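Read top to bottom, the protein sequences are chains A and B. Quick note on my numbering: the first sequence kicks off at 705 and runs consecutively. Quick note on my numbering: the second sequence kicks off at 302 and runs consecutively. Just so it is clear, CB atoms sit at the ideal spot from N, CA and C, and this is done for glycine as well. These numbers were taken from a predicted model, which means no experiment stands behind them.
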Amino acid sequence: MFRITKKESFTKAEAIIYRLFGFSVGIIFSGIIIAALGYPVFKTFISLAEGSFGSSIAIRNTISFLIPLSVTALGLSIAFKMRYWNIGGEGQILMGATAAMGVSMVLPSGMPGPLMMLSMLVAGFIGGSIWALIPGFFRINMKTNETLFTLMMNYLAICFVQYLYFELWRDPAKKGFPGIQDIPFRARIPYVSGISLAILAPLIIVLVVYFLIKKTKLGYEIRVVGESEPTAHYAGMNVKKIMFVGVMLSGGIVGVAGAVKLMGSTGTLSSSLGGGAGFTAIVIAWLANLSAPMIVLVSFLIAALEQGAQFIQVRMGVPAAVADIVKGLILMSVLGSEFMLRYKILFGVHTASKKLEERASVDPTMQDSDPESEVVEDSI
Amino acid sequence: MKRVMSMIVAVLMMAGIFAIAGCGDAKDAKKDEVLKVGVLYISPEDDGGYSQAHAEGIAKALATYGDKIEIKKLESVDDADVEATNAAIENLVNDGCKLIFTTSYGYMDPTVAAAAKYPEVYFSHCSGYKYSGNGYEGKNMDAYFGQIETARYLSGIVAGMMTETDQLGYVAAFPIPEVIRGINAYTLGARSVNPDVVVKVSWTNTWFDPAVEQASAEALLADGCDVMAQHQDSPSAIEAAESAGALAIGYDLTYTGAPNAYLTAPLWDWGTYYTYKIGQVLDGKWEVENYWGGMKEGVAKLDALSSLVSEEAKAAVEAARAEVTEKGNAFVFAGPIYDQNGELKVAEGESIPYGDQMGMNWFVDGVIGQIPS
């Protein structure tokens, strides 16, 4: 006996209060679980914070989690703006990294480092965009379901990289162990006072995506296509072309995330290179309401949570599964607060269900019907 | 931009709360006399297999040294994800660990990198080939593993005696030397008592995925195998044998969940090694080594034979046990050994040298299966 409607607006103060409230609810619930399992609650949360920000090692780890998450989410957000559900981030990361890896293997080893890195980044972009354009082609021309198609492309990419790992690119120097060689040392993204310069990737890409969406004609067209494809048609836009370019950019940026992770962190390719970032980034993009600067902020928070959750295992001896529960509860509560912020729940009798009840009181065959149905009037 | 600002404010407030809370913790952080020992596990500590065997070893060492050491652990760290492994090791170092055991092969290169970065921390990596003086310049990294092939060989004797179809099934994780060595040792043991036996191998390409492991075992059982063995981190293959009314050899740990299938298992007793190595650091006598103990040292052993094992099979195991224990892998891989193509690989009177065992990438005669080239 309630219904959900979108709020017309909310104030800055409301936004802060709701989010803090959601965060606190997550802390309280995970605190209850931690206490029930016999761990000291206060100390566990202090370790969580200490693990995310409390030392230079912690901050470095948080940043290294932040980079692939934010770049991937930025890439995905372009597709989401068009209401093109690109769930294939994980595969696009892998194929971006694969293309970069391949380029590093064929380029002459005497090539200057910066030029090699640039070629690998371009290859990463191309690799990711091709992987995104395969389902994109079918969606644009044949109206296939891109959600399922992009999702399945993830598993294809994982299998393909496993094939490279165990067979085609297997490094004979590994004494019979499977594995692909490391990229040349000169292709590694350097560190400056302990911080990887890979941090430049999200900083640059956030500006690119922000201006693309807000200030360019293409960005405007992408937004219009997202609002309504027919409108875009009537306005004389070439929807197919816009979608093609949008999907290409989306997959390309995600591919760059893979190349950056290869060059800045892992140094070699394996099917675990994505590390789930392609999926986490979907949540990040929506939590940030597809706003580019917000994506970087939200990525930072999620990365901190990820890193902190690992640290409480070390510091407090909390099992991995419980750390995951804490992570999940906090994330879910924050997601819940976003929902509460944007929507309101109206209690009381809905006019339609009232009529239903009136009829039910007259007609005994109607007794079974459930008037407590949710009505979502406006999604997103 | 307003919403961005409000988000920033919210973030700063949270960070502020944490910072205030964090200050209170600094006082009780100093407990330097205790040696913090870090352990990295690839699966949950209670996976009923590989990681549990390591965890039980660590628990033994803890029981020996009591308050002198403190264990810091990270479970379920994907060893193919370099970034996750790096972060995990950094977290252990950050919490003050001075000795870190990385228990899976894939942790090798990140362990080398961390050892170079933190020369004051001792690292010990399980099942790889890089350590100080061999693929790494510094002085603070060990390698350790054991001659589990000795126990594999004895378990092969049990299987060779117990099979009626002369077909043994083997669910195997990855085509890497460690797993290949195990399959070969098992086959050699089985064929030492029953020359007609063949061992059928099914690759799962995962260390720990109970559903996949079970499906592989079921396929082998359907194919005529009546004794299962496995090189996996879960006991799913044993359970598959139990449901199919077949027999099974375990791995890593005693398995009590399949009373009608379980024969025995090659077991790790890591407690021997961990007690020894932690003792070195406690006494300030760390020595770089490539530890490779076997049944003689007690790191590898064969589980007590279950009541399902026939008297003849028991006698065959006992006949071989003393020599296997004494001579270790040199006995297991003593010639003549033929490969799958019938080519003589090891002549009579010779044995496969250590280096070739570490890089083993061929199957002995009697194995039905392929190693991707």
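Practice problem: In angstroms with no decimal places, state the Cα-to-Cα distance between residue 474(B) and residue 569(B). | Solution: 18 Å
Quiz item: In whole angstroms, what is the alpha-carbon distance linking residue 772(A) and residue 497(B)?
Solution: 54 Å
Quiz item: Of the residues that make up the segment 869-880 of chain A, which ones have a beta carbon closer than 7 Å to any beta carbon in chain B?
Solution: 870, 871, 879, 880
Quiz item: Skipping 5 residues on each side, what residues in its chain have a beta carbon closer than 6 Å to that of residue 1047(A)?
Solution: 708, 710
Quiz item: For residue 447(B), which residues from the same chain have a beta carbon less than 7 Å from its beta carbon, with the 5 sequence-adjacent residues on both sides left out?
Solution: 569, 593, 594, 595, 600, 601
Self-check item: residue 504(B) versus residue 910(A): straight-line alpha-carbon distance, rounded
Solution: 43 Å
Quiz item: Does residue 765(A) get closer than 8 Å to chain B when you measure Cβ to Cβ?
Solution: yes
Practice problem: Find the nearest neighbour of residue 511(B) within the set 532(B), 524(B), 502(B), 525(B), judged by alpha-carbon distance. | Solution: 532(B)
Quiz item: How long is the line joining the alpha carbons of residue 795(A) and residue 969(A), rounded to whole angstroms?
Solution: 18 Å
Quiz item: Near residue 1024(A), which residues of its chain fall below 7 Å by C-beta distance, leaving aside the five closest residues on each side in sequence?
Solution: 1017
Practice problem: Could you say if the segment 985-999 of chain A and the segment 826-833 of chain A meet the contact criterion of at least three C-beta pairs nearer than 8 Å? | Solution: no
Quiz item: Anyone know if the C-beta pair for residue 1030(A) and residue 734(A) falls short of 8 Å?
Solution: yes
Quiz item: By Cβ distance below 6 Å, which residues in the same chain neighbour residue 495(B) in space, the five residues on each side in sequence not counted?
Solution: 461
Self-check item: Candidates 373(B), 363(B), 633(B), of which the one nearest residue 487(B) by Cα
Solution: 633(B)
Exercise. Look at the alpha carbon of residue 972(A) and the alpha carbon of residue 776(A), and state the distance between them as a whole number of angstroms.
Key: 19 Å
Exercise. Report the rounded CA-to-CA distance for residue 798(A) versus residue 636(B), giving the unit in angstroms.
Key: 45 Å
Quiz prompt | Touch test, the segment 644-663 of chain B against the segment 469-483 of chain B, Cβ-Cβ under 8 Å, three pairs minimum | solution = yes
Self-check item: Alpha-carbon to alpha-carbon, residue 737(A) and residue 891(A)
Solution: 46 Å
Quiz item: How long is the line joining the alpha carbons of residue 1078(A) and residue 1043(A), rounded to whole angstroms?
Solution: Per-residue confidence for residue 1078(A) stands at a pLDDT of 42, beneath the threshold of 50, marking its modelled position as unreliable; the derived number appears in the next sentence. Taking the straight line joining both Cα atoms gives about 15 Å.
Quiz item: Taking a cut of 8 Å between CB atoms, which residues from the segment 972-994 of chain A lie near chain B?
Solution: 972, 974, 975, 976, 977, 979, 993
Self-check item: Completely contained beta strand (DSSP E) runs for the segment 547-624 of chain B, where each covers 3 or more residues
Solution: 548-550, 563-565, 567-569, 591-594, 601-603
Self-check item: Supposed close pair residue 833(A), residue 955(A) - CB separation, criterion 8 Å
Solution: 4 Å
Exercise. Please determine, among 976(A), 1007(A), 1003(A), the residue with the shortest C-alpha to C-alpha distance to residue 883(A).
Key: 976(A)
Quiz item: CA-CA distance, residue 324(B) and residue 757(A)?
Solution: Confidence in residue 324(B) is poor, its pLDDT being 44 and thus under 50, which makes the residue's placement unreliable; the coordinate value appears in the next sentence. So the alpha carbons of these two residues sit roughly 13 Å apart.
Self-check item: Minimum C-alpha distance to residue 366(B) - residue among 337(B), 393(B), 343(B), 429(B)
Solution: 337(B)
Quiz item: Which runs of the alpha helix (DSSP H) spanning at least 4 residues fall entirely within the segment 767-832 of chain A, listed in chain order?
Solution: 793-810
Exercise. Give a single yes or no on whether residue 937(A) has its beta carbon closer than 7 Å to a heavy atom of the ligand FAD.
Key: Here there are no bound small molecules, and the ligand FAD is not part of this structure.
Quiz item: Under three-state DSSP, which class holds residue 425(B)?
Solution: strand
Quiz prompt | Same chain, Cβ closer than 7 Å to residue 506(B), five either side skipped, listed in chain order | solution = 475
Practice problem: Evaluate residue 603(B) with the Cβ neighbour count: other Cβ atoms within 10 Å of its Cβ, from every protein chain shown; 16 or more gives buried, anything less gives exposed. | Solution: buried
Quiz item: With 8 Å set as the bound, which would you pick, yes or no: does the beta-carbon of residue 326(B) sit closer than that to a beta-carbon of chain A?
Solution: Per-residue confidence for residue 326(B) stands at a pLDDT of 44, beneath the threshold of 50, marking its modelled position as unreliable; the derived number appears in the next sentence. By this cut-off, residue 326(B) is an interface position.
Self-check item: Cross-chain neighbours of residue 1018(A) in chain B, by beta carbon under 9 Å
Solution: 339, 373, 374, 375, 389, 392, 393, 395, 396, 398
Self-check item: Nearest-angstrom Cα separation, counted from residue 591(B) out to residue 654(B)
Solution: 15 Å
Self-check item: Strand pairing of residue 976(A), partner residues [DSSP]
Solution: In DSSP, residue 976(A) forms no bridge with anything.
Quiz prompt | Interface positions of the segment 648-667 of chain B facing chain A (Cβ-Cβ less than 7 Å), listed along the chain | solution = 659, 660, 661, 662
Practice problem: Find out if the Cβ-Cβ distance for the pair residue 894(A), residue 808(A) is shorter than 8 Å. | Solution: no
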